[in-house]
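K.L.:
FYI, in my numbering the residues of the sequence shown are 5 to 434.
Don't be surprised by glycine CBs; every beta carbon is placed ideally from N, CA and C.
Let me give you the structure first, and then I'll get to my questions.
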Amino acid sequence: MPKTYHLLALKISFSIYFIATWTTIAGMEIFGWLSLLLAVTYAIRFHNELRPNLQALSKLMPWKTCLLLLAIVILGVVLQHEHNPDYRWDIGSLRWMFLLASGAFIVSIIPPSLKGYRIFLILISIIAVYAVFQTFTGIDLARPGSHRAVQPLIPPVSDFKLFRSAGPWGHSLQYGYIAGQHICFAIASALLLIIAKKRSGWIYWGSIATAVLVALSLITTFARGVWISVACSALVMAFYASRPLFIKLFTLLSALGLAGFAFIGPFRLRILSIFDPANRSNVDRTFLWRMNWEMFKDHPLLGLGYMENETRAKEYAIKMGNPDAFLGHAHSNYLQMLSGTGLLGFLTYMFLISYMLYLTVRLWRRLPVTELWQRTLVLGALGAQIVLHIGGITEANFKTGTISHNTMMVWAIVIGLSIIQELKTNYQEA
């Protein structure tokens, strides 16, 4: 295959993978791995001219941390062999690290474009409108067998017949954290264009319109953790972009929050439910936290096996005297890692996410103000990570395949743009 055709095939496959991360898990898997295959073969065929990219990838990609986490997971699962763990599922759940490496390499040779950003804004706006439509109808077009697949709001949260937006995923939290990452790029674009005094054109108004539509769809998820994490993320981005903008955005969000609390009953009741110890969701979640803490105490070094905390939840519910408890994952990224991979896995995970935040902030500081498009991507990527990590306090969002694919795309943008910046710096110094 000629080089131009190989590169074109890689570009098409990766573009479809990128779109699939907004819509379909099957598309993510198919085109994610196809893109990896095309990237590896492209790197092998043209390794001489790609040597600078590959060397920079080797330097910036957190290989050692990822492989250490993989080793900890494998060892932890093997040591739990008497409980018949699902080796393929538990170990295979870390396949994201290979997609991260290929994605970062691809971004370094095919960086995101404004044309792609236009498509991004249009598609996630359409998805947001669909998500809001679900709130009033409960209709999930992707699951025609049940037009009530979208979770209804339980009284007394609302006197109206409302449903929780779930987007294409059939799950309000999955949609909330994915759309929560997406909105960060629209907010970042709007913030930086305001600073640059370029408050016109399709990029500015498209970003504003998309941010408003996605924000409405996030409100209609009625997911408290999503609301808090996105609000915090927007403030962090504004803080890095401009201190005066941070103050203005803080004032705006505070005013909107107070108005919503005062005049919108469902919003007020969802906020108040955060502090209600008798709230069913709070009761279930706190019991799961205590259960996973007990798992960690029983297996402090390597945990009881990554993902095995879900398999053995019933055992611990009985042990803790609550056999009829709601079961599932830890509802916290941090407890999920502690119970599943022990202290070693938890510290490795914390180092990994801290490194990616460090790399993002470092790239932001190194990019000149004139690089408006790249700075938009980096600021949006910073916000997307904040959404994941703050939301991860009360939801195990990193373990979910749909969200981890989107997170790998965010990290790939950071590493890929860091490679481009490193090569540019090396060229200028030569």
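Is it right to say TRP173 is buried, meaning 16 or more other beta carbons lie within 10 angstroms of its own, or is it exposed?
P.N.:
Numbered from its first residue, the sequence shown carries residue 173 at position 169. By the neighbour-count rule (16 or more Cβ atoms within 10 Å), TRP173 is buried.
K.L.:
Whose CA, out of PRO281, TYR320, ILE113, lies closest to the CA of LEU427?
P.N.:
Your numbering for residue 427 matches position 423 in the sequence shown. It is ILE113 whose Cα lies nearest to the Cα of LEU427.
K.L.:
CB THR69 to CB LEU356, shorter than 7 angstroms?
P.N.:
In the sequence shown, the residue the question calls residue 69 occupies position 65. In the sequence shown, the residue the question calls residue 356 occupies position 352. Cβ distance < 7 angstroms, so THR69 and LEU356 count as in contact.
K.L.:
If you check the beta carbons only, do MET341 and GLY349 fall under 7 angstroms apart?
P.N.:
Residue mapping note: residue 341 aligns to position 337 of the sequence shown, counting from 1. Residue mapping note: residue 349 aligns to position 345 of the sequence shown, counting from 1. In contact: MET341 and GLY349 (Cβ atoms closer than 7 angstroms).
K.L.:
Do you know how far the Cα of ASP94 is from the Cα of HIS87?
P.N.:
Counting from one through the sequence shown, the residue named residue 87 turns up at place 83. Counting from one through the sequence shown, the residue named residue 94 turns up at place 90. Each residue's alpha carbon lies about 13 angstroms from the other.
K.L.:
Per DSSP, what kind of secondary structure is PRO248 in: helix, strand or coil?
P.N.:
Numbered from 1 along the sequence shown, position 244 holds the residue referred to as residue 248. Reduced to three states, the DSSP call for PRO248 is helix.
K.L.:
With a threshold of 6 angstroms (Cβ to nearest heavy atom), would LEU371 be considered close to the ligand MG?
P.N.:
Among the components modelled here there is no ligand, and therefore nothing to report on the ligand MG.
K.L.:
Could you pull the DSSP bridge partners for PHE167 from this structure?
P.N.:
Taking the first residue of the sequence shown as position 1, residue 167 is located at position 163. PHE167 pairs with PRO156.
K.L.:
Measuring only the C-alpha atoms, how far is VAL234 from THR380?
P.N.:
The sequence position of residue 234 within the sequence shown is 230, counting from 1. The sequence position of residue 380 within the sequence shown is 376, counting from 1. Taking the Cα positions, VAL234 is about 17 angstroms away from THR380.
K.L.:
Return the CA-CA distance between THR214 and SER17, expressed in angstroms with no decimal places.
P.N.:
Working through the sequence shown from its first residue, we reach residue 214 at position 210. Working through the sequence shown from its first residue, we reach residue 17 at position 13. If I take the Cα positions, the gap works out to 25 angstroms.
K.L.:
Pick helix, strand or coil for GLN84, following the three-state DSSP scheme.
P.N.:
As a working mapping, residue 84 is identified with position 80 in the sequence shown. It is coil, neither helix nor strand.
K.L.:
Compute the beta-carbon to beta-carbon distance between MET65 and ALA108, rounded to the nearest angstrom, for a pair I have assumed lies under 8 angstroms.
P.N.:
Within the sequence shown, residue 65 is the residue found at index 61, counting from 1. Within the sequence shown, residue 108 is the residue found at index 104, counting from 1. Going by Cβ atoms, the distance from MET65 to ALA108 rounds to 6 angstroms, so yes, they are a contact pair.
K.L.:
When burial is assigned at 16 or more other CB atoms within 10 Å of the CB, is LEU260 buried or exposed?
P.N.:
Taking the sequence shown and counting its residues from 1, the one referred to as residue 260 is at position 256. Counting Cβ neighbours within 10 Å, LEU260 comes out exposed, since fewer than 16 surround it.
K.L.:
Where does ARG316 fall in DSSP's three states?
P.N.:
Against the sequence shown, residue 316 aligns to sequence position 312. The answer is coil: DSSP assigns ARG316 none of H, G, I, E or B.
K.L.:
Can you look up PRO172 in the DSSP assignment and give me helix, strand or coil?
P.N.:
Counting from one through the sequence shown, the residue named residue 172 turns up at place 168. Note: PRO172 maps to helix in three-state DSSP.
K.L.:
Cα-Cα, which of LEU127, VAL287, LEU125, LYS165 is closest to THR139?
P.N.:
What you label residue 139 is simply residue 135 of the sequence shown in a count that begins at 1. Among LEU127, VAL287, LEU125, LYS165, the Cα nearest to that of THR139 belongs to LYS165.
K.L.:
At a cut of 8 angstroms, does the region 188-195 reach the region 95-102 through at least three beta carbon pairs?
P.N.:
no
K.L.:
Which runs of the alpha helix (DSSP H) spanning at least 4 residues fall entirely within the region 332-391, listed in chain order?
P.N.:
337-370
K.L.:
Using 10 angstroms around the beta-carbon of THR290, count the other beta-carbons present and answer buried if the total reaches 16, otherwise exposed.
P.N.:
As a position in the sequence shown, residue 290 is number 286, starting the count at 1. Classification of THR290: exposed, given that the 10 Å Cβ count is below 16.
K.L.:
Under the rule that 16 or more other beta-carbon atoms within 10 Å means buried, what is SER446, buried or exposed?
P.N.:
Since the displayed the chain opens at 5 and closes at 434, residue 446 lies outside it and no answer follows.
K.L.:
Put PRO116 into one of helix, strand or coil per three-state DSSP.
P.N.:
One-based indexing of the sequence shown puts residue 116 at position 112. In the structure shown, PRO116 sits in coil (DSSP, three-state: anything other than H, G, I, E or B).
K.L.:
Just the Cα atoms here: how many angstroms apart are TYR121 and ILE199?
P.N.:
Translated into positions along the sequence shown, residue 121 becomes position 117. Translated into positions along the sequence shown, residue 199 becomes position 195. Spanning the two alpha carbons is a distance of roughly 20 angstroms.
K.L.:
First and last residue of the alpha helix (DSSP H) that includes MET299?
P.N.:
One-based indexing of the sequence shown puts residue 299 at position 295. From DSSP, the alpha helix (DSSP H) with MET299 extends over 284-302.
K.L.:
Quick one: measure Cβ to Cβ for HIS335 and ALA282, integer angstroms, because I've assumed they're closer than 8 angstroms.
P.N.:
As a first step, residue 335 must be located in the sequence shown, where it is residue number 331. As a first step, residue 282 must be located in the sequence shown, where it is residue number 278. Not a contact, Cβ separation roughly 18 angstroms.
K.L.:
Counting pairs of beta carbons, one from the region 51-62 and one from the region 28-35, are three or more of them closer than 8 angstroms?
P.N.:
no
K.L.:
Roughly how many whole angstroms lie between the Cα atoms of TYR179 and THR398?
P.N.:
Residue numbering aside, residue 179 sits at position 175 when the sequence shown is read from its first letter. Residue numbering aside, residue 398 sits at position 394 when the sequence shown is read from its first letter. TYR179 and THR398: Cα-Cα distance of roughly 16 angstroms.
K.L.:
Taking C-beta to C-beta, are VAL230 and GLY184 nearer than 7 angstroms?
P.N.:
Your numbering for residue 230 matches position 226 in the sequence shown. Your numbering for residue 184 matches position 180 in the sequence shown. Yes, the pair counts as a contact, with Cβ atoms nearer than the cut-off.
K.L.:
Excluding sequence positions up to five away, which residues of its chain have a Cβ less than 7 angstroms from the Cβ of ILE76?
P.N.:
The residue you call residue 76 lines up with position 72 of the sequence shown. Excluding its 5 nearest sequence neighbours in each direction, ILE76 has C-beta neighbours in its own chain below 7 angstroms: LEU306, THR345, LEU348, GLY349, THR352, listed in chain order.
K.L.:
Judging by CA-CA distance, which residue of ALA24, ALA47, GLY36 is the nearest neighbour of HIS10?
P.N.:
Position 6 of the sequence shown, counted from the start, is the residue given in the question as residue 10. Nearest C-alpha to HIS10: ALA47.
K.L.:
Judging by CA-CA distance, which residue of LEU262, ALA146, TRP209, SER97 is the nearest neighbour of ILE404?
P.N.:
For the purposes of this step, residue 404 is taken as residue 400 along the sequence shown, with counting starting at 1. The amino acid at residue 404 is misidentified as Ile; the sequence shows Thr. Minimum Cα distance to THR404 is reached at SER97.
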